[in-house]
Each structure stands twice: as structure tokens, then as C-alpha cells.
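Going down the list, the sequences are from chains W and E.
Read in order, the letters of the first sequence are residues 35 to 503 in this note's numbering.
Read in order, the letters of the second sequence are residues 35 to 503 in this note's numbering.
See below for the structure under consideration.
2 protein chains.
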Amino acid sequence: MLIYIDKDEKTPIYEQIYIFLRQKVLSGSLKSGDKLPATRKLADELSIGRNTVDKAYQQLVAEGYVTSKVGSGFAVNKIPIEFSVSNQGASSTHSLEKVKTQPVSIRYDFSHGAIDNSIFPYKQWRKSINYALTLMESYSCIHYPRRQGEDSLRQSIALYLQRARGVSCNASQIIITSGQQYSMEIIANLFECSSKRFAMEDPGYDGVRIVFQNHNYRVMPIPVKKDGICLASIQSLNTDLLYLTPSHQFPTGAVLSIAKRHKLLQWADDTNSYLIEDDYDSELRYDINPIPSLQSLDTKDRTIYTGTFSKSLSPAIRVAYIVLPQSLMDRFYRYYYRYNSQVSFLHQTVLSHFIASGNYEKHINRLRTLYRKRQNDMLAALDTVFGDTANISGEGAGKHLLLTLKNSLPQDELIKRAENIGIRVYSTKVNYMNPADCPYSQILLGFATVPTCELKSILEELHHVWSKD
Amino acid sequence: MLIYIDKDEKTPIYEQIYIFLRQKVLSGSLKSGDKLPATRKLADELSIGRNTVDKAYQQLVAEGYVTSKVGSGFAVNKIPIEFSVSNQGASSTHSLEKVKTQPVSIRYDFSHGAIDNSIFPYKQWRKSINYALTLMESYSCIHYPRRQGEDSLRQSIALYLQRARGVSCNASQIIITSGQQYSMEIIANLFECSSKRFAMEDPGYDGVRIVFQNHNYRVMPIPVKKDGICLASIQSLNTDLLYLTPSHQFPTGAVLSIAKRHKLLQWADDTNSYLIEDDYDSELRYDINPIPSLQSLDTKDRTIYTGTFSKSLSPAIRVAYIVLPQSLMDRFYRYYYRYNSQVSFLHQTVLSHFIASGNYEKHINRLRTLYRKRQNDMLAALDTVFGDTANISGEGAGKHLLLTLKNSLPQDELIKRAENIGIRVYSTKVNYMNPADCPYSQILLGFATVPTCELKSILEELHHVWSKD
Numbered sequence: 035m036l037i038y039i040d041k042d043e044k045t046p047i048y049e050q051i052y053i054f055l056r057q058k059v060l061s062g063s064l065k066s067g068d069k070l071p072a073t074r075k076l077a078d079e080l081s082i083g084r085n086t087v088d089k090a091y092q093q094l095v096a097e098g099y100v101t102s103k104v105g106s107g108f109a110v111n112k113i114p115i116e117f118s119v120s121n122q123g124a125s126s127t128h129s130l131e132k133v134k135t136q137p138v139s140i141r142y143d144f145s146h147g148a149i150d151n152s153i154f155p156y157k158q159w160r161k162s163i164n165y166a167l168t169l170m171e172s173y174s175c176i177h178y179p180r181r182q183g184e185d186s187l188r189q190s191i192a193l194y195l196q197r198a199r200g201v202s203c204n205a206s207q208i209i210i211t212s213g214q215q216y217s218m219e220i221i222a223n224l225f226e227c228s229s230k231r232f233a234m235e236d237p238g239y240d241g242v243r244i245v246f247q248n249h250n251y252r253v254m255p256i257p258v259k260k261d262g263i264c265l266a267s268i269q270s271l272n273t274d275l276l277y278l279t280p281s282h283q284f285p286t287g288a289v290l291s292i293a294k295r296h297k298l299l300q301w302a303d304d305t306n307s308y309l310i311e312d313d314y315d316s317e318l319r320y321d322i323n324p325i326p327s328l329q330s331l332d333t334k335d336r337t338i339y340t341g342t343f344s345k346s347l348s349p350a351i352r353v354a355y356i357v358l359p360q361s362l363m364d365r366f367y368r369y370y371y372r373y374n375s376q377v378s379f380l381h382q383t384v385l386s387h388f389i390a391s392g393n394y395e396k397h398i399n400r401l402r403t404l405y406r407k408r409q410n411d412m413l414a415a416l417d418t419v420f421g422d423t424a425n426i427s428g429e430g431a432g433k434h435l436l437l438t439l440k441n442s443l444p445q446d447e448l449i450k451r452a453e454n455i456g457i458r459v460y461s462t463k464v465n466y467m468n469p470a471d472c473p474y475s476q477i478l479l480g481f482a483t484v485p486t487c488e489l490k491s492i493l494e495e496l497h498h499v500w501s502k503d
Numbered sequence: 035m036l037i038y039i040d041k042d043e044k045t046p047i048y049e050q051i052y053i054f055l056r057q058k059v060l061s062g063s064l065k066s067g068d069k070l071p072a073t074r075k076l077a078d079e080l081s082i083g084r085n086t087v088d089k090a091y092q093q094l095v096a097e098g099y100v101t102s103k104v105g106s107g108f109a110v111n112k113i114p115i116e117f118s119v120s121n122q123g124a125s126s127t128h129s130l131e132k133v134k135t136q137p138v139s140i141r142y143d144f145s146h147g148a149i150d151n152s153i154f155p156y157k158q159w160r161k162s163i164n165y166a167l168t169l170m171e172s173y174s175c176i177h178y179p180r181r182q183g184e185d186s187l188r189q190s191i192a193l194y195l196q197r198a199r200g201v202s203c204n205a206s207q208i209i210i211t212s213g214q215q216y217s218m219e220i221i222a223n224l225f226e227c228s229s230k231r232f233a234m235e236d237p238g239y240d241g242v243r244i245v246f247q248n249h250n251y252r253v254m255p256i257p258v259k260k261d262g263i264c265l266a267s268i269q270s271l272n273t274d275l276l277y278l279t280p281s282h283q284f285p286t287g288a289v290l291s292i293a294k295r296h297k298l299l300q301w302a303d304d305t306n307s308y309l310i311e312d313d314y315d316s317e318l319r320y321d322i323n324p325i326p327s328l329q330s331l332d333t334k335d336r337t338i339y340t341g342t343f344s345k346s347l348s349p350a351i352r353v354a355y356i357v358l359p360q361s362l363m364d365r366f367y368r369y370y371y372r373y374n375s376q377v378s379f380l381h382q383t384v385l386s387h388f389i390a391s392g393n394y395e396k397h398i399n400r401l402r403t404l405y406r407k408r409q410n411d412m413l414a415a416l417d418t419v420f421g422d423t424a425n426i427s428g429e430g431a432g433k434h435l436l437l438t439l440k441n442s443l444p445q446d447e448l449i450k451r452a453e454n455i456g457i458r459v460y461s462t463k464v465n466y467m468n469p470a471d472c473p474y475s476q477i478l479l480g481f482a483t484v485p486t487c488e489l490k491s492i493l494e495e496l497h498h499v500w501s502k503d
């Protein structure tokens, strides 16, 4: 295998090797089980130091692309391929193979991406659809929707964000996308000519990490503490983009302290970097009032604010949005001036009417009350069933909790045993750049769709199957 | 300005320079009016031949990124930035500036992207929406839609394509996207590790060209003749991808002859290249029966078939699809296994019901009858008004014609004069890699939304304003 490296390039050589090989794996030209060239051999070929090659290989190991087999060098891992319905943070272990071999049918799913359908406001939604259809019928002709999104929807979102999240923006900065990952695709494209470095919380949302990896960004993991992302590791960073979830860190549930928020904004301004704020769960705060967005504190135009309707309304809606700093708008137009919108005109009009009519905020309030109760029930049930044998974290917001069992089985085994009795629980390993950093017996439990009345008995089933040796 | 080139890289050096500079322009770091480094100076800096630099600059000139000013070297052109509603093939000249300076309000628009709203089957569409909503309400919980698209929709499309277009495929090969350009984004991503060369018809759909240029592909234009793309220029090509519109070449309207179809498939097989078939207008054939798709002749799995509902149903729908060859499915899963679908579950269910109920094909038949009549009226009116002073081409299909005036004004002047009296006609310059290749006085006229009864008087207005000196 020929590897092209450019010694004059500013990207370090080990990084060039790392990017080259990772791309080969992702593209499938390096398949599961394939061996990487021996470090010594490759080092000679490229006439570089062997430790440089090693550094690249270690990075690939850390990110789970390859495994180091004692005595037999480095081999490519199986990259899981998932057919089935996906959830944010869903375990990537439902591989193609698994689907083929008909798994046990799932009776209960602790997914945190799915929503309880009985919550969805169909009545008001139908109203908005009728409004939108009647509006459309009144037009003489139908064009492509505006590439940035319909004015009416962007206006509704701007007003809502100002009111509910303190975001200072106007409709012209808002871009409507077909989901959080496509928002990230747009951002990745806009920074195509940057140093191609991307820093993010670790653990963090792997669905975002993969987007930037696919775009050949070098992803730099930043540890997360109880009060959010660890600043010490940031000072030394050389990156254009830092992705974080300040309101409700995914998956740990940490809240970014106000002190850290100000320091981060200062850092961004000093280093000319941009902060990507993913405000995904912001409205679902139970213990305190929703925390104002990071963007609302930003006086220097350094925050790219992103949000989605997947959590607050439905993941089936496929509408998300970016609030771009003014300084990036020109870049957006240059790249996207010939593109059409990703979201249907009808859908945008429905959503805009739904928000403008006040039904969206009413819905959020219902949701908050409901999920608060569900979380409390969940906490109570967990306490009854697991007591001191487990730690629970991430409470106070969102639709999931982290359960960490004391001296128990490894995560994969816990997930497998649950799956075997028809209960799906989720991995947090996928959220770590280096899966080895993941707490040994940690499980992610969403509580949005599991029937409260059966909660205790389901957890008892889990406790039972997890206790057995 | 520092330019990084890699002399060991397989990409020719002139191409590296070309790609580097183009990216600078697209990203805005090189702005309108900025000078490129003098060829001699750059050649010395990089210690390469001056003609190498020249070759790169000529490419940039040809593609309209820079202009060569006698005596004063090369300067960056203004890249148009469009706010307003976009159409496939819409003139890219509605720049940001223009929108600011309030143009004359448009009374008549010869757009070919827009549709006459009275044609849209609202009654049946409402039926399908009610079906989809009722279906959704019956679910206990709502997940993210499947990343490839809902099974029901992919099934409906597969059956329709087999029936109507002779496409041999099954649902598992179909990927639902939010528009033709996003289909192209996916293809561009899947070939990220290829030679990054992309060949396409010239003239051709600039909305596709820009996607591959944005992804740093080297775009190679292939001339188009009366019987479709020119094969002579293809034999020598070294490319992984060739994009074409066989049923109704955009914008010329040429039909790819069957002989050429077979030769192309042979070429693709011999060279391990893939043909991207854009079947956008295929159903709207008036003179003969719809022409079977290129994919239907392909026995070697070399055709990537793409289609959209923008032309046949509505551009506001934002649903398109790719039929991937089996040989590329694995690549797709590897890249996209963690992504969610771009299209809302409701929308997919509505469309799938609309197709399955037979209403889609009924609608297409109505459309064909209606547009056939409109095209005939248009041809008659054009003949009455312009007679021998113009040539008309592209008849027999689709929703637009090409009008080429004899010894008349340049295209831009024709468009400007029309715009000044509130009539919007469209440019074909944007469809040429090298705008200089565009016929001097050619205009693109869509006839889908202009009221037939007024057609003659509108054309007379145009004829009048175009005659004046």
C-alpha cells in the first residue's frame, strides 16, 4: 500500500498517515481483519522515524479503527454497519450481521432518541397542516423553497430563540437543515479551508464526531468534568472549532458553569476560534430554570448556535437549524448559493405556524412536566431496585440517565444480557474517542418511552440478569 | 500567499495549484478583484515551470473564477451570491447586490423549475396526508426515520421505477434524499478516496457541477451533440464518475442515442467508472414514448441512477432518490452508518401512499397531456412572433425550450432588457464550464407557469424590447 505524505505540509506527518489510513478504513478499501503495514517497514518506506508511524497507529487504535495484536501487528476492526432505526447515541453495535441473525424481539427499549407518541400534539399539528395546505393552494405557482429556509419559519424560530433561550439573532442568520448532523455537515463544509481541526467534549455525541471525521477533520477530545468541559486542556489547543453541549452535556448531563462559559468565550475571541453550541435538550430542565444559552453571553460573535426539533417535538420531523454568526454568513452564501433547501415547503410552513400559534411552547411545557415526573419515577425505581449497588448521574434534565453499576460486568456484557431478555439498553462507549476511557459498567437509560407502571419490574429483570455470573 | 504543493502526489502540480486557488475563492479568502500572484513569481517560489502555473490559471479563467486582464495579470471575479428563490438552471446573476437594489417586479417568469400550482393534486395529497397522520397516531412511539429512507417509500419507488423506467433494482438499493443536490453530495462523499475527477455534460446542470467543485473534484466538461454526449472525448478520460441526463439532456434537450448508451456502458465497464444517470425529466416525453433509462440497459452494475420528485410533483416537496449499484452499498453504509434520514417520516409516508395508491402515475399522465399542449402553444407563439429570426431547440420533452436569436444582442443584454420590463427569462451561460462557449443570443424559456392566453403578447413584448438598439 502506497501512503502519500508531504513533509513540507504544516500537518504533522503522523497525522497525515493517520488521516490517510482512517480514510482507507472508512471507505472500505481497508477491510475488517486487514493488516496495516509493519511500523518498521512503513517507516523505512517513507524514510521517517518509526515512532512517528507508531504515533499514527496508536491514534487509530484509540479511535477504534484498528486493534494491536501482540506479535501480529495491527489489524483493522469491523466498522459496525447499522440498518435499523437509529437514535442519537444509539449503540453502534447493531451491526449488519446482527440484523441478519434476527435478534430477540425487543419488549422494552430504553432509547432516549425515541418519543412517546401519545405526547405528540396531533390535533394542533393537523391544524397547522391544514393551514399550510390552504396557504399553498392559494399560490399561483410553487417554487423551490428558499435555500436558507422559508422566511416565516426562520422568523418564528428567531423570535422563539430570543424569548426562550436568550439567543440574540435575526432571521437572516438562521439556516434550516434536515437534522443536527446535516447542520454539522454545513459547518464542516464552511471550515473546509481551515486547519481542519475539531475539538469536542469527550465523552460526546458520536453522531457529530463521525461527521467531522468523514470530512477528514482531526478530532481532538476534551475531557468533561462535573461543571462541564475541562478548560485546562483547551488553552493549548490549536483549533478553529470547539463543539459542546452546555445546557445538558451529552451523555454525562453536566451543566457548563457560568464561569467556564465566560472563559470559553474569551478563549474563542483570543484564538479566533468558533464555539459550536448544541442546545439539543435545553428546554427539558427540571431542577432549575432552563439555563440561558452560551450564545446569549457572546458579545464577540464567536458562537455557532445549533438546535433541533428532534428532542422537543419529534425525531421524525427532521428539522434542525443553525444560527450563524454574521461573520460567517458570507462564507455560507459563497458555498451554498446554488443549493436548494433540504426541507419541504409544506413542512416548514406547518412548523412555522405551529410555533407562531404558541402551540410549540405549550407543548414544551407539557413535555417538561411529563418528563420531570417520568425522571422522578425512574430515579425512585432505580433506587429501589439497585440501591447502593449503582451510581446514577445526569439527573435534572433531558430524557436519559447514566447508570453505573459497582463491581459488575463489562458494559457490552450488560447490554448483551439485557438484549437477550428483550430489553434494549444503550452503550456510552461510542461516546468516547477511546472506548477504554468509558466507565466499566456504565449504561445509558432513556426513560421517554418505557411505561412507568412496569418500570420497577423491568429494572428488576435487568438487575436479575445482570447479577448472574 | 503560500501555496502548498506536493511534488510526490499523483495529482499533477498545475491541478494542485488550481484546486488550492479555487478553494480560496469559494471560501472567500480570495475576494472579488483580488490579484493572483504573478505567474513568474509563483513559478519561482514553487520552483516549477511557469507554464505549469499558466495551465492552472487558464483553468480558473475557463471556469470563470478569475479574469485575465491584459498587462495587469489575473484578478478574481465576483462570485454571484443569490438570496432569492432558486430554480434548477436559474440564472446565477441575481446576485446579492441585485436583490439589494430592488429590481423591477416580475410580471411573468419563464422559470422551468417552478410549477403551475393549479396542477398540484391537493385533493389526493390531503388524502395521503390523512392516511399518514392516522398511521402515525397508531404507533406507540416515534423513532428517527431509517437513514436510507422508510421501507414503504423505497418499496413504492422501486416498483414505480421498474414499471415506468425499466430500472432493475430493489428497495434495499434506494436511498431517499432531500433533493438532487444532496444526492450528489452523497455520491461525492462516497468517492472521496477516488482520483477526485468528475466528468459531466457541457452544457450541463450547474447545480450538480458546483457540488463536485465544492468537494474539490476536478470537473471535466464533455461536449454535447444532437444525439447526446460526445463519445470521442470520453475514451481518453481518466475519471471515476461521469454525470449525464440521457432522457432529456439539460439544457439542450438532446436524447442520448441507444448506440451511445451501449458504448457508454461498455466504456464504464472497461474503465471501472460509474455513470451517474440524472433522469430528472424522463416522464415528460411528448413526441415519443418515454425512453427507457440507461440503468435498464446496464448489465454490469455501473450505473448510479438518480431521480427527483421536483419536476414531476413539486420542487417544494424536497424528495429525491438514488439507486446505488450493489457494489457501492457497502461504501454507503460505512460512510453513513451513523447518519439519520434527511426526510421527515410523515413526508415519506405521504409520498409512499401517494405513489402506492396510483395517484402519482395518474398525476404524471395529466401532467404529460397538459405540458404537451403548453409546449405546442409555446412553439406556435414563438413561431408567430419570432419566425425566421430565431431557432428553437429542445422540443419534444420537459418544461423548457431554448430560443436562439439570429444576429441579435448578447445573452446578458437580452436577460437585462426582459427583466427591465418585468419578464424573467433565463441564462444558459451558467450551464457552460467556459461561459464563452455559450451561444451568443441564447435564452432558456420554461413554459410551465406562464399563462397560455397571454403567451403571444408576452413574446411580442420581448421581441419588441430585444429589437431596439
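Even glycine gets a Cβ: it sits at the ideal position worked out from N, Cα and C.
These numbers were taken from a predicted model, which means no experiment stands behind them.
Item                                                                                                                         : Value
Presumed contact (8 Å Cβ cut-off) between H397(W) and P155(W), rounded CB distance                                           : 5 Å
Residues that S174(E) contacts on chain B, provided the C-beta gap is smaller than 7 Å                                       : This model lacks chain B altogether, as its protein chains are W and E.
Start and end residues, alpha helix (DSSP H) containing R231(E)                                                              : R231(E) -> not in any alpha helix (DSSP H); beta strand (DSSP E) instead, spanning R231 to D236.
Cβ contact (3+ pairs, closer than 8 Å) linking the segment 286-296 of chain E and the segment 250-261 of chain E             : yes
Test: I221(W) CB closer than 7 Å to a CB of chain E                                                                          : no
Residue-level contact to chain W via CB, T168(E), 7 Å cutoff                                                                 : no
Coil, strand or helix - G123(E) by DSSP                                                                                      : Legend: pLDDT at G123(E) = 34, less than 50; position of this residue unreliable, value from coordinates given subsequently. Looking at G123(E) - three-state DSSP - the assignment turns out to be coil, as it is neither helix nor strand.
G147(W) versus V499(W), T483(W) and W500(W), residue with shortest Cα-Cα distance                                            : T483(W)
Sufficient close CB pairs (3 or more, under 8 Å) joining the segment 408-420 of chain W to the segment 475-489 of chain W    : yes
Counterpart residues of K103(W) in DSSP-defined beta bridges                                                                 : G107(W)
Neighbour list for A350(W) in chain E, Cβ cutoff strictly below 8 Å                                                          : M170, I176, H177, Y178, P179, S378, F379 and L380
Touching by the beta-carbon criterion (3+ pairs, under 8 Å), the segment 47-60 of chain E and the segment 435-448 of chain W : no
Members of the segment 289-318 of chain W that neighbour chain E once the beta carbon cut-off is set at 9 Å                  : none
Beta-carbon proximity of V419(W) to E494(W), cut-off 7 Å                                                                     : yes
The segment 351-368 of chain E in contact with the segment 193-212 of chain E per 3-pair CB rule at 8 Å                      : yes
Which of helix, strand or coil DSSP assigns to K490(E)                                                                       : helix
Residues near V519(E) by beta carbon distance below 6 Å, same chain, minus five either side                                  : Within the shown structure, residues of chain E are numbered from 35 to 503, placing residue 519(E) beyond reach of any answer.
Straight-line Cα distance separating K463(W) from L64(W)                                                                     : 23 Å
Between the CA atoms of K230(E) and Y239(E) - distance to the nearest angstrom                                               : 19 Å
The segment 382-402 of chain W in contact with the segment 232-246 of chain W per 3-pair CB rule at 8 Å                      : no
Short Cβ contact (7 Å threshold) for Q215(E) with G241(E)                                                                    : yes
CB contact below 7 Å: D40(W) versus chain E                                                                                  : yes
Cutoff 6 Å; reference G341(W); Cβ partners in own chain excluding five residues on either side                               : D313 and Y355
Counterpart residues of G480(E) in DSSP-defined beta bridges                                                                 : H434(E)
Collapsed DSSP secondary structure at M467(E) in the structure displayed                                                     : coil
With 16 other Cβ atoms within 10 Å as the buried cut-off, status of V104(W)                                                  : exposed
Rounded separation between D143(E) and A390(W) - CA only                                                                     : 31 Å
Supposed contact pair V245(W) and E219(W) - C-beta distance, whole angstroms, cut 8 Å                                        : 6 Å
7 Å Cβ cutoff, G213(E) in contact with chain W                                                                               : yes
Helix, strand or coil at S461(W) [DSSP, three-state]                                                                         : coil
Start and end residues, beta strand (DSSP E) containing V377(E)                                                              : Note, V377(E): premise wrong, no beta strand (DSSP E); not H, not E.
Beta-carbon gap between Y308(E) and R336(E) smaller than 7 Å                                                                 : yes
Distance between F481(E) and Q207(W) (C-alpha atoms, nearest Å)                                                              : 35 Å
Cβ-based neighbour list, F54(W), same chain, cut-off 8 Å, excluding 5 preceding and 5 following                              : I37, Y38 and I39
Under 7 Å by beta carbon: chain E residues contacting Y156(W)                                                                : L167 and E171
Touch test, the segment 290-302 of chain W against the segment 313-332 of chain W, Cβ-Cβ under 8 Å, three pairs minimum      : yes
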